[in-house]
Amino acid sequence: MRWSRPIPFLRLGACWLLVLLAPGARAQQELLPYARECAEKIGPIPSFDCRTGTNVPITVNGKVPAAYVPQMTCDRPSLLPPGEGENTDGQCIPGSRALVLRDDGKVQISAYCRQKKIRPADSYLYDEVDLISHNVETGSTCWFQALAPNPLSPDKGLDGRRVPSPEEATPPPGKVAARDFWNPPVKTAASNCGSCHDSDPFMYSPLIGQTGKMPRDPLGWYANDIGEDFKKWPKPLALSTRGNTCTGCHRIGSLHTCTTAMYESVGESLSPYLDSWGLLYPNSHWMPPGLSMPLEQWETTYRRSVQELARCCKDPKAPGCIATPITGASP
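With my numbering, the residue at position 31 of the sequence shown is 258, and numbering never jumps.
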């Protein structure tokens, strides 16, 4: 996928022979250069154990249920829809883990080990592992993703006991290689994560927000400027209006935030996996986080700002709308 150089004609056959003789070689050529550039421009990414992450609770009406069943409802369902052709058990799956691998004011590295099938609580298998690496000072951001093959099964998946650093060329004996664990960057880029993560690198949701394990850089530099396929992602705008009570805390990106997330966060677009607890205010509204004010006060404080943002989302050039490119720091 990445930045492989043009191959001289006379060497082409030999290179194809090497690819045929070495399964995964093409992925290695793509993943490792990308990961090394990410390490150079952002910071090294360590290997990690998903099981050391914070468990992401799945509750029903404020309590842990006696049992989990496929397609159940819950207080805080996942907002990420299933991938094409995925046979998931729904949006209320227990056992996912959130990890902050680094967050020191210069570099932020966050990982999420996602369950899409119901498994025993002590399982080390996962259906997806996602990692975001972000340079606070420059805005440069990198994305890594691993997916278990379809059809998904509770007794199969990604082994989360040792997730290799994506820049690791040679694993310890008996451990999976980075090129065999992580998707090649071209496949990760095809997931178009940046359309949902359009306001900043780390997208808030009630599900992950309850863990407290999510870096924050809501108004900082942000750019997908590493890797040719990631550079092709749509470039979002930050939309606002004068005196807007929402954008004083965070940006409103012009992509998924404008079309979907903003409405989910104010109770106007509710997940079909929400239970009765999640349908009632203040649980139905998760912006701002930690709501305690009465609904009437929320309406007075935020409703007009949301309406103004919705107007600007439809037409960023409309009168009174402020549209600012979201970029990294200038070199």
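For glycine and all other residues, C-beta sits at the position ideal for the given N, C-alpha and C.
Straight-line Cα distance separating residue j from residue i
i      : j      : result
Lys344 : Asp316 : 5 Å
Ser467 : Pro445 : 14 Å
Ala325 : Cys539 : 34 Å
Asp354 : Arg469 : 43 Å
Ala550 : Lys541 : 12 Å
Cys319 : Gly480 : 27 Å
Gly547 : Ile435 : 34 Å
Val390 : Leu497 : 34 Å
Ala417 : Cys340 : 20 Å
Ser392 : Phe275 : 8 Å
Pro308 : Met489 : 16 Å
Lys462 : His424 : 11 Å
Glu395 : Thr368 : 19 Å
Per-residue burial, residue i [other beta carbons within 10 Å of its own, 16 or more giving buried]
i      : result
Arg478 : buried
Pro399 : exposed
Val296 : exposed
Pro516 : exposed
Leu522 : exposed
Residue i vs residue j beta-carbon contact at 8 Å
i      : j      : result
Asn419 : Leu374 : no
Thr486 : Ser426 : no
Val413 : Leu385 : no
Met514 : Val493 : yes
Trp448 : Gly555 : yes
Gly289 : Trp525 : no
Ala499 : Arg303 : The residue you asked about is not Ala; residue 499 is Pro in the sequence shown. It is not a contact, given that the beta carbons lie outside the stated cut-off.
Ile272 : Ile336 : yes
Leu379 : Glu311 : no
Residues that DSSP places opposite residue i in a beta bridge
i      : result
Ser337 : Val327, Ile359
Ala465 : Gly480, Thr551
Phe371 : Leu358
Cys301 : Leu501
Residue range of the beta strand (DSSP E) that includes residue i
i      : result
Ala417 : Premise fails: Ala417 lies in the alpha helix (DSSP H), 412 to 417, not in any beta strand (DSSP E).
Phe457 : Where Phe457 is concerned, there is no enclosing beta strand (DSSP E), although the alpha helix (DSSP H) it sits in stretches over 455 to 458.
For residue i, the first and last residue of its enclosing alpha helix (DSSP H)
i      : result
Asp349 : Note, Asp349: premise wrong, no alpha helix (DSSP H); not H, not E.
Phe408 : 405 to 408
Gln524 : 522 to 525
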